[in-house]
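Chains as they are written, first to last, in this note's numbering: chain E, 128 to 374; chain H, 684 to 980.
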């Protein structure tokens, strides 16, 4: 029964989709930023959105998180429609967001920053596990959050969302402006999180870094997803990629 | 010398009210970005709720329960104001919040004036519980160098405890960390799963409740009058400006300090006692426009 087999094969990926975004449109005030974004993220995958500055990658993450004022289309997480949900409800469903500007609070010390996001479900990393990943943080617990170096702030920004029990992480340009040795450390962290079963949606401009961790890529341009391929197809798509990213 | 100590005590009492009120203003400003001109009106409402509780024939609820009930009742009233009106001003210029709350203050005070006129209603110092030779907070103690009315000592100490408790809540607890974080970046705090709009409502309720508490404390000293908050709030705004808008400890320290400075002025140069706070404000603004403890906006 070849037909049945095909139907099974087609149904299977849909079952394991953690996030599916269909025809997502979004606006900042009057300006129309996203013009129909389509992509999926499967359980346990690391998916990277690539694209130039201003293409709409960050806006896509923010739309999923529910912090863009006006959005239409469909965003489904774990099979539930979240397009109209408020961001606190979305977070409580198990999505954690690490913003591009890192969002470390200056009026909180490192410990308070780390403990700020509430636990939304069981299964988050313990503090010991977090200090194992980021030993630097343990020594700086009483420092003011914004007194940390850029790299330490990025680690803190990632560390604090690992505690919450959210299994779906959205990281917006975690390597931006960091030294190569720290980028490497963040790469190891992402690889380890992936091994522990986290699903990660990454936004990156640095595709060399992305290629060390990603399973699949989507190319975002002018508020649309214009292409997508697996990591194994990266070398075959290198020329296209150079054109898309203008590098 | 007796007169000096007496004025110092008056200064500390006024300082207590300044601190409680400016603390609430600071908390509200930090979280809602609103300069709450209705603060004097809710202070007055706190005193009136205590008055109603005591003089209602069916309730006849005294001072001690009123100390808890009045801030809760007025706090709920504040939360209703926030939900129905203030929340719509989020993201707009300060001026809108200032004008709206100023209008609310005029309406609230006008309604009370309509029913109760402008003269003061008496509210007695509580005469219970009787412990030892004391009857509640009535009477006084001779400290040797001065006579201390017990009620006044109580107001100063209790206000200090409430101020420090509020400071601890905001600067040292997890809930306070949410508050401070949401003051900096409400969008991100909400994206972590915290219901920030509800927290804003509760914060407004807390600030307004602190003002109502000050109102109850002041009822036996200043009587209960519809316009009791109107003059006070002007001085309190000067205190907030001097201390630095939005700083918790700054509000507390500045509140008590300026009360004392005012008291000392009453002793050494009474003519200037009504203006000394404003002179001080001008001096501070000339040297440090963000206030003594304020961060640059």
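We put the CB at the ideal spot given by N, CA and C, even for glycine. Since this is a predicted model, take the numbers as computed values, not measurements.
Taking the Cα of residue 161 (chain E) as reference, the smallest distance to any Cα among E:230, E:229, E:188 is reached at E:188.
For residue 873 (chain H), the neighbours in chain E by C-beta distance under 7 Å run, in chain order, 214, 215. In the structure shown, the three-state DSSP call for residue 297 (chain E) is strand. Here residue 208 (chain E) is exposed. Its C-beta has fewer than 16 other C-beta atoms within 10 Å.
Counting the other Cβ atoms within 10 Å of the Cβ of residue 736 (chain H) gives 16 or more, which makes it buried. Closest option to residue 890 (chain H), judged by alpha-carbon separation, among H:695, H:782, H:764: H:764. Only those residues of the stretch 247-259 of chain E whose C-beta falls short of 8 Å from the nearest C-beta of chain H are listed: 247. Linking residue 964 (chain H) to residue 884 (chain H) through their CA atoms gives a straight-line distance of about 31 Å. With its beta carbon at least 8 Å from every one in chain H, residue 310 (chain E) lies outside the interface. Secondary structure at residue 696 (chain H): helix, using DSSP grouped into helix, strand and coil.
Residue contact check for residue 194 (chain E) against chain H: a CB pair falls below 8 Å.
Residue contact with chain H for residue 235 (chain E): present (Cβ-Cβ distance below 8 Å to some residue of chain H). Taken in chain order, the complete alpha helix (DSSP H) segments of 4 residues or longer contained in the stretch 698-765 of chain H are 722-738. In this structure, residue 291 (chain E) lies away from residue 262 (chain E), with their beta-carbon atoms at least 8 Å apart. In this structure, the straight-line span from the alpha carbon of residue 858 (chain H) to that of residue 877 (chain H) is close to 11 Å.
Only those residues of the stretch 853-879 of chain H whose C-beta falls short of 8 Å from the nearest C-beta of chain E are listed: 857, 860, 861, 863, 864, 866, 867, 868, 870, 871, 872, 873, 874, 875, 876, 877, 878, 879.
Fully enclosed alpha helix (DSSP H) runs of no fewer than 4 residues occupy 931-951, 959-970 of the stretch 922-977 of chain H, in order along the chain. Not one beta carbon of chain H lies nearer than 8 Å to the beta carbon of residue 153 (chain E). Contact annotation: the stretch 808-821 of chain H touches the stretch 737-752 of chain H, with at least three C-beta pairs closer than 8 Å. Residue 167 (chain E) sits in a strand when the DSSP states are folded into three classes. Counting along the chain, the unbroken alpha helix (DSSP H) around residue 850 (chain H) starts and ends at 833-855. Look at residue 244 (chain E): its C-beta is under 8 Å from a C-beta on chain H. Inter-segment contact for the stretch 906-913 of chain H and the stretch 776-795 of chain H is present: three or more beta-carbon pairs are separated by less than 8 Å. Listed in chain order, the non-local C-beta contacts of residue 757 (chain H) below 7 Å within the same chain comprise 725, 728, 729, 732, 891, 892, 895, local neighbours out to five positions each way being set aside. In the DSSP assignment, residue 148 (chain E) forms a beta bridge with E:166, E:202.
Where residue 175 (chain E) is concerned, the enclosing beta strand (DSSP E) starts and stops at 173-177. Per DSSP, residue 274 (chain E) lies in no beta strand (DSSP E) segment and is marked neither H nor E.
Interface flag for residue 230 (chain E) against chain H is set, since a Cβ pair is found closer than 8 Å. In the structure shown, the three-state DSSP call for residue 343 (chain E) is strand. The beta-carbon separation of residue 350 (chain E) and residue 156 (chain E), rounded to 15 Å, does not stay under the 8 Å limit for a contact. In the three-state DSSP reduction, residue 785 (chain H) falls in the helix class (H, G or I).
Restricting attention to H:939, H:684, H:802, the CA atom closest to the CA of residue 839 (chain H) is found in H:939.
Shown here, residue 329 (chain E) sits in a strand according to DSSP, grouped into three states. The DSSP-derived three-state label of residue 901 (chain H) is helix. With respect to residue 344 (chain E), residue 352 (chain E) sits apart: the two C-beta atoms are not nearer than 8 Å.
Neighbours of residue 218 (chain E) across chain H, judged by C-beta separation under 7 Å: 874, 875, 876.
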